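Working notes, structure below.
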């Protein structure tokens, strides 16, 4: 969950525009299937369910808006250092979390430690599926106990960054509302199923956020109403260039700064809402209908995790009242080498391929600007975890310079050719043929699987260009454009039956995937380590990253781990597709539109419901 500390301001005049309550109209491409939080984070975990509903729940910790740093939300400051304890012969680690005093639910009930303990006890004891087991993993979480009304202690099996990004960010519900349901569930044969299927009186469930769902007409719309007694009215979030984040909460008389001192250049200042009285989420059967509604002004913005299809962008651009915004997705496309096979097992061969690939040319010219070139596993938009010092092989080189670097790399490692590639006067005048390995044997055809143009024209186009560049210097690479399922089957179901492939990953703000994708523990059939990468030094720093609960320390280890991966090239990270969105700039405004994964993302607030303003 993201940080939910938000604010209300009415009647503000900004740049000649008047913002004063009103209703924002959002379009969704699928109906909500449940308003039950236990189900929504279980078997019904969909973006469509999250968009109008998740803002009513709290979290002890969340993330700052555009820097994505861990910040307190319902907690009063950070957790205490982990201490090792032994209970009944079992060694655990314990930390104390203080809770904010003065926070209330929409029904006026105070938020206390009872709500926190209940919110963890129910899904953990009932072993609820889906996100619950990810948020409260049984191999990490042990228990949470109440010390007093505003203090809790968490017990975990071992130090881990996932304790912060999963456990401490799990959803908080109101015990007063849900405890009678839980007590009844305990009498049932399947208590978890009873909790997840409960559907009575959910429109009256108290909210600790700025909105609550007040109406739901299935297949037609949902109406979110603003909470008049929202605790965090007037909160300011101030993000500094030095990395510090300051939160001023007038209603609680708090002024706290994290990650440094509140001084120097201010990058962003947000006074958050809701600025609107309500948001209507209108349901459309397809993107065509939603785009038509946006063109006509019937809706102000379209929520869609994949953004707009390319064919609709030009249509929307014809309307001067519609603003198109493009943001990098939270994910990346990549080439993987099977390091279990020769010559992919040879580092020089992988480095040579890496030199050949001009990401900037691909992203900005060949692919028409629909992607963002990447040099690292962490995209630049994930500012806290992004290492700007990671440089791709060949960065800044021309195509010919890349050819020269790749050829030199291969020759220095003992490779040769039957016909060596020749470059004269800055031109490739002779293509290479018959690449011979250091062992004196001819390199046979190397197959790189990639999605077909019908499935993904971006990756298929990239594959053909990589094939061309490799063939130009005599590397016998063949781009096999095939179905997505064929690639997944060969890579993960057939025990890594491939030479090279191109696919993509959706990733998380906390980059634990740096460990998971390349750990030796994942170098097993069905595991995530498809390259078969093995480096004890990498393993050491990657594990230290994963076990760190001090995020500044964790970031240092993450940077070191990426340095090993960048040098060894088990992956070549290519680019991230853009999420393209459109909204009615004549009807609404957002606090920001340039953000990782787009305005629709949970990282920016599912369409920024507590920031959006209606232009009167």
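In the working numbering, the protein residues as written are 11 to 626. For each residue, glycine too, the CB sits at the ideal point set by N, CA and C. Treat the numbers as computed from the prediction; the structure is a model and nothing was measured.
Contact with chain B by residue i, beta-carbon distance below 8 Å
i           : result
residue 530 : Checking the listed chains, one finds no chain B in this structure; it contains a single protein chain.
Euclidean distance between Cα positions of residue i and residue j
i           : j           : result
residue 548 : residue 521 : 15 Å
residue 289 : residue 76  : 23 Å
residue 139 : residue 147 : 10 Å
residue 364 : residue 625 : 49 Å
residue 563 : residue 80  : 14 Å
residue 620 : residue 184 : 21 Å
residue 663 : residue 64  : Given a span of 11 to 626 for the chain in the structure shown, any question on residue 663 remains unanswerable.
residue 254 : residue 74  : 10 Å
residue 637 : residue 378 : Beyond the ends of the chain as shown, which are 11 and 626, falls residue 637; an answer cannot be given.
residue 294 : residue 314 : 11 Å
residue 526 : residue 607 : 22 Å
residue 304 : residue 590 : 15 Å
residue 180 : residue 317 : 27 Å
residue 60  : residue 44  : 10 Å
residue 428 : residue 449 : 14 Å
residue 588 : residue 98  : 53 Å
residue 468 : residue 386 : 19 Å
residue 415 : residue 569 : 26 Å
residue 422 : residue 396 : 32 Å
residue 501 : residue 507 : 6 Å
residue 375 : residue 299 : 32 Å
residue 407 : residue 603 : 33 Å
residue 566 : residue 539 : 22 Å
residue 143 : residue 128 : 16 Å
residue 420 : residue 485 : 10 Å
residue 256 : residue 218 : 22 Å
residue 481 : residue 151 : 52 Å
residue 494 : residue 478 : 22 Å
residue 252 : residue 550 : 30 Å
residue 609 : residue 324 : 20 Å
residue 301 : residue 39  : 10 Å
residue 357 : residue 412 : 17 Å
residue 17  : residue 491 : Note that residue 17 scores 27 on pLDDT, short of 50, meaning its location in the model is unreliable; the coordinates nonetheless yield the value given after this. About 51 Å.
Nearest-angstrom Cβ-Cβ length linking residue i and residue j, presumed shorter than 8 Å
i           : j           : result
residue 153 : residue 123 : 13 Å between Cβ atoms; not a contact.
residue 107 : residue 164 : 6 Å
residue 580 : residue 402 : About 14 Å separates the two Cβ atoms, so there is no contact after all.
residue 586 : residue 384 : 6 Å
residue 487 : residue 459 : Contact doesn't hold; Cβ gap of about 12 Å is too wide.
residue 232 : residue 291 : 4 Å
residue 234 : residue 223 : 6 Å
residue 592 : residue 333 : 7 Å
residue 328 : residue 239 : 44 Å between Cβ atoms; not a contact.
residue 58  : residue 206 : Incorrect: roughly 17 Å between the Cβ atoms, too far for contact.
residue 393 : residue 71  : 18 Å between Cβ atoms; not a contact.
Sequence-distant residues of the same chain with beta carbon closer than 7 Å to residue i, five excluded per side
i           : result
residue 169 : 92, 103, 557, 559
residue 354 : 347, 348, 360, 509, 510
residue 430 : 442
residue 187 : 215, 216
Close-in-space but distant-in-sequence residues of the same chain around residue i (CB under 8 Å, 5 per side omitted)
i           : result
residue 352 : 447
residue 279 : 246, 247, 248, 249
residue 331 : 307, 594, 595, 596, 597
residue 226 : 42, 45, 213, 232, 233
residue 344 : 512, 513, 514, 515, 581, 582, 583, 584
residue 350 : 506, 542
residue 319 : 297
6 Å Cβ shell around residue i - same chain, five flanking residues per side excluded
i           : result
residue 308 : none
residue 175 : 520
residue 132 : 192
Residue i: CB within 7 Å of a non-hydrogen atom of the ligand ATP
i           : result
residue 129 : Because no ligand of any kind appears in the structure shown, any question about the ligand ATP cannot be addressed here.
Original post:
At a cut of 8 Å, does the stretch 259-271 reach the stretch 207-220 through at least three beta carbon pairs?
Top reply: no
**OP:** Specify whether the stretch 336-356 and the stretch 513-530 touch according to this definition: at least 3 beta carbon pairs, one from each stretch, less than 8 Å apart.
**Re:** Result yes; three or more Cβ-Cβ pairs closer than 8 Å.
Subject >> Inter-stretch contact at 8 Å, needing at least 3 Cβ pairs: the stretch 599-610 / the stretch 365-378 >> reply: no
Subject >> the stretch 256-264 in contact with the stretch 237-246 per 3-pair CB rule at 8 Å >> reply: yes
**OP:** Flag this pair as touching only if the stretch 192-208 and the stretch 125-142 have three or more C-beta atom pairs under 8 Å; answer yes or no.
**Re:** yes
Subject >> Unbroken stretches of the alpha helix (DSSP H), 4 residues or longer, contained in the stretch 106-157 >> reply: 123-135, 141-145
Subject >> the stretch 437-444 touching the stretch 611-620, judged by at least three CB pairs closer than 8 Å >> reply: For the pair of segments examined, the stretch 437-444 was found not to touch the stretch 611-620: the number of CB pairs separated by less than 8 Å stays below three.
**OP:** Just list the alpha helix (DSSP H) runs in the stretch 391-433, keeping only unbroken ones of 4 residues or longer that don't cross its boundaries, in chain order.
**Re:** 409-422
**OP:** Mind listing, in chain order, the continuous beta strand (DSSP E) runs of no fewer than 3 residues lying wholly within the stretch 428-464?
**Re:** 432-434, 437-440, 443-446, 456-461
**OP:** Could you tell me which uninterrupted beta strand (DSSP E) segments, each at least 3 residues in length, are contained entirely in the stretch 175-219, listed from first to last along the chain?
**Re:** As far as the stretch 175-219 is concerned, it has no whole beta strand (DSSP E) run of at least 3 residues.
**OP:** Can you check the stretch 295-363 for any beta strand (DSSP E) of at least 3 residues that lies completely inside it and give the ranges in chain order?
**Re:** 332-338, 341-347
Subject >> Complete beta strand (DSSP E) runs within the stretch 212-288 (minimum length 3 residues, chain order) >> reply: 221-227, 231-236, 246-250, 255-259, 264-268, 276-281
Original post:
Unbroken alpha helix (DSSP H) runs of length 4 or more, entirely within the stretch 559-600: which are they?
Top reply: 561-578
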